[in-house]
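Numbering (full-length UniProt numbering), first residue to last: 1 to 316.
Below is the structure:
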């Protein structure tokens, strides 16, 4: 276990260095000025990237130590092996390189999460004490009582616009900087696989080609999936919903850039879709978002309501 824990700690630090180099364009700079035949010095990489030479030097040493890049025997020249150039480039980076950016995005909120967990622990201890006292005065809480409280909380969430995608609207306002990373991750993980790999598994391809279908994407984020499908099937209409305002704004930008006239995006919760949408859609998709709803069961019921055929749901 000791060796495993050390390995995890080392790789965590290495992951941060990978993210650092990716976001600052250091891999691109190194690939532009260095090769096995002509290794690049820290100064060359610094000049190409516009970064401080000492910062670049330390980063290069870390990348070599982590076996990400190569160095000459003197330790003053570096390069990226040819077979790794694409994976480490900013144009089409490997999924793993994009995922290294997750830790820096989470880290600033670690302390807040820790304090929240501590406060909830204190609240639970207080509630347990109150419940114990209340058992003597008012009798034990019934299962029905707990269900009623859960229902009341859910109604509060609807009233105030909470409960979809990655939490509530307030959450999105604090984490809108995550959307560029989400877009990169989605493109890397799904974009090249949606049409050739996923679509044939749904049994919907022939129907989409025929046209006339109404398609909904619940928790669409920045709209990568639905725009990709809409681009291939112009005879169908597509709607993407999410409570993340920034995500929907970006989705509209992507659709406009692709000149897609058959797709629209709206800020709507998957747990409370418009009443007039009952039986409206022929196909509903939900990519990696159902479990992030405030109440996934309510979202599933809403999806069944808006479908004209409850069997046509793609969840990934």
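Each residue gets a CB set at the ideal place from its N, CA and C atoms; glycine is no exception.
- Would you identify the three-state DSSP class for residue 167, choosing helix, strand or coil? Residue placement at residue 167 is poorly supported in this model, since its pLDDT is 43, which falls under 50; the coordinates are not used for a value here.
- Give the DSSP-derived three-state secondary structure of residue 37 in the structure shown. coil
- Item | Inter-residue Cα distance where the pair is residue 216 and residue 276 | 14 Å
- Message: Can you confirm whether the stretch 249 to 268 touches the stretch 213 to 232 when touching is taken to mean that 3 or more C-beta pairs between the two stretches lie within less than 8 Å?
- Response: yes
- Message: Rounded to the nearest angstrom, what separates residue 111 and residue 119 at their Cα positions?
- Response: 12 Å
- Find out if the Cβ-Cβ distance for the pair residue 100, residue 4 is shorter than 9 Å. no
- Message: Output needed for residue 63: all residues of its chain with C-beta closer than 7 Å, excluding positions within five of it in sequence on either side, in chain order.
- Response: 17, 21, 69
- Go ahead and label residue 36 buried or exposed: buried means 16 or more other beta carbons lie within 10 angstroms of its beta carbon, across all protein chains shown. exposed
- Cβ-based burial, residue 301 [other Cβ within 10 Å; buried from 16]: exposed
- Item | residue 220 versus 57, 286, 47, residue with shortest Cα-Cα distance | 286
- Does the pairing of the stretch 198 to 216 with the stretch 290 to 298 give three or more beta-carbon distances under 8 Å? no
- residue 74 to residue 103 span [Cα, whole Å]: 33 Å
- Task: State the beta-bridge partners of residue 218 as determined by DSSP.
- Result: 241
- Query: Under a Cβ-count criterion, where at least 16 other Cβ atoms within 10 Å of its own Cβ denotes burial, should residue 244 be classed as buried or exposed?
  - Reply: buried
- Query: Per DSSP, residue 78 is paired with what?
  - Reply: 40, 71
- Status (buried if at least 16 other CB within 10 Å, exposed otherwise) for residue 239: buried
- Task: Taking only the alpha-carbon atoms, compute the straight-line gap between residue 282 and residue 254 and give it to the nearest angstrom.
- Result: 24 Å
- Buried or exposed (CB count within 10 angstroms, at least 16 for buried), residue 1: exposed
- Query: For residue 251 versus residue 268, is the C-beta spacing smaller than 9 Å?
  - Reply: no
- Evaluate residue 270 with the Cβ neighbour count: other Cβ atoms within 10 Å of its Cβ, from every protein chain shown; 16 or more gives buried, anything less gives exposed. buried
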